[in-house]
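Everything below concerns the one structure shown next.
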Amino acid sequence: MSKTIDLNADAGESYGAWTLGDDAALFPLLSSVNIACGFHAGDPLTMQSAVALAKQHGLGIGAHPSYPDLAGFGRRVMEATPEQVYADCLYQISALSGMAQAAGSRLQHVKAHGALSNRACVHAPTAQAIAQATRDFDSRLPLMVLPSTELDIQARALGVPVVLETFPERAYLKDGRLAPRSMAGSSIHDPKEAARRAVMMVLEGLVEAVDGGFFECKVDSLCIHGDNPNAVQIAHAIRNALEDVGVTVRSFAKTDL
Numbered sequence: 001m002s003k004t005i006d007l008n009a010d011a012g013e014s015y016g017a018w019t020l021g022d023d024a025a026l027f028p029l030l031s032s033v034n035i036a037c038g039f040h041a042g043d044p045l046t047m048q049s050a051v052a053l054a055k056q057h058g059l060g061i062g063a064h065p066s067y068p069d070l071a072g073f074g075r076r077v078m079e080a081t082p083e084q085v086y087a088d089c090l091y092q093i094s095a096l097s098g099m100a101q102a103a104g105s106r107l108q109h110v111k112a113h114g115a116l117s118n119r120a121c122v123h124a125p126t127a128q129a130i131a132q133a134t135r136d137f138d139s140r141l142p143l144m145v146l147p148s149t150e151l152d153i154q155a156r157a158l159g160v161p162v163v164l165e166t167f168p169e170r171a172y173l174k175d176g177r178l179a180p181r182s183m184a185g186s187s188i189h190d191p192k193e194a195a196r197r198a199v200m201m202v203l204e205g206l207v208e209a210v211d212g213g214f215f216e217c218k219v220d221s222l223c224i225h226g227d228n229p230n231a232v233q234i235a236h237a238i239r240n241a242l243e244d245v246g247v248t249v250r251s252f253a254k255t256d257l
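Note that the UniProt record's numbering gives residue 225 to position 225 of the sequence shown, counting from 1, and the numbers run on in steps of one.
Given below as structure tokens:
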């Protein structure tokens, strides 16, 4: 049986007259997409447009909730109680679900964005709040998580299905955490290097660490950041490299996890 992998991207991240990323060029290369819900990017018209484009290309649609941080693109650390995180996530998931339903589609998954995701990786109350909001919205809705993090642990504890994600165009530390964006080399812009890492992640279950060595990692989905200036070229390179080794890119909703 041939191996399959989901290829997702964070997208729909424009706001008003401010445009980020090239969703029209990127979406045909993906199998799933995480759409900003208005808190770090993505006004209602952008959300509606991204949902329509995702449906046109047959992509799985995910809600991409964030801290309320338009100025910082959701990448600034913010103080928020678990109750606030829960309400913010439930609000954003509901908004994107409404857009999807109006377009004749539905949500496939939820994935936390930026600083909220980073916090949830190490802070159990934040992780539990995100997982609870996802479960309370729809107990069948999967949460996309980094493996072996607090978000992974808390989601499983609440019975929320999980999709394990890795980032071929982001550097990792040897303890399994993503390298801080302030670190040199934290983002990978070379399509060939991103493709090499993607193949290693999928076929060998290994992630190469920027501070030396490798660690094992199960992966259900590979992510490309839509704001990476080479996102489209990286997506092309990853798809081609995976297909060259017999791996099919397909939404995880169409496979058995």
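All C-beta atoms, glycine included, are put in the ideal place defined by N, C-alpha and C.
Since the model is a prediction, treat every value here as computed from it, not as a measurement.
Close beta carbons around residue i, own chain, < 7 Å, minus the five adjacent residues each side
| i | result |
| --- | --- |
| H57 | F27, P28 |
| L96 | I35, C37, M47, A63, L107 |
| V160 | A131, T134, R135, L143 |
| A209 | Y172, L173, K174, F215 |
| V249 | I5, L7, S31, R239, L242 |
Beta-carbon gap between residue i and residue j smaller than 8 Å
| i | j | result |
| --- | --- | --- |
| H40 | K111 | no |
| I188 | R170 | yes |
| E150 | A124 | yes |
| H109 | V163 | yes |
| L116 | Y86 | no |
| D10 | H236 | no |
CA-to-CA distance, residue j to residue i, given in whole angstroms
| i | j | result |
| --- | --- | --- |
| V33 | L107 | 10 Å |
| I61 | A184 | 32 Å |
| S251 | R156 | 21 Å |
| R75 | T4 | 31 Å |
| A102 | R140 | 20 Å |
| V122 | A179 | 14 Å |
| L7 | A80 | 31 Å |
| R119 | V77 | 8 Å |
| D22 | V232 | 8 Å |
6 Å CB neighbourhood of residue i in its chain, flanking five on each side removed
| i | result |
| --- | --- |
| L257 | No answer about L257 holds up, because its pLDDT of 42 lies below 50 and its placement is not dependable. |
| M200 | L206 |
| R197 | P168 |
| A54 | V33, I61 |
Boundaries of the alpha helix (DSSP H) in which residue i is found, first to last residue
| i | result |
| --- | --- |
| T126 | 124–137 |
| E216 | No alpha helix (DSSP H) contains E216, which is instead part of the beta strand (DSSP E) from 214–216. |
| M47 | 44–56 |
Buried versus exposed, by CB contacts within 10 Å (16 or more), residue i
| i | result |
| --- | --- |
| T126 | buried |
| S14 | buried |
| P229 | exposed |
| A24 | exposed |
| T19 | exposed |
| E165 | buried |
| P44 | exposed |
Proximity test, Cβ basis, 8 Å: residue i and chain C
| i | result |
| --- | --- |
| G72 | Note that chain C does not occur in the displayed structure, where there is just one protein chain. |
First and last residue of the uninterrupted beta strand (DSSP E) at residue i
| i | result |
| --- | --- |
| C223 | 221–225 |
Own chain partners of residue i with C-beta closer than 8 Å, once the 5 adjacent residues on each side are dropped
| i | result |
| --- | --- |
| A241 | A195, R196, A198, V199 |
Closer than 7 Å: residue i CB and nearest the ligand PLP heavy atom
| i | result |
| --- | --- |
| A100 | What this structure holds is no ligand at all, so the ligand PLP is not there to describe. |
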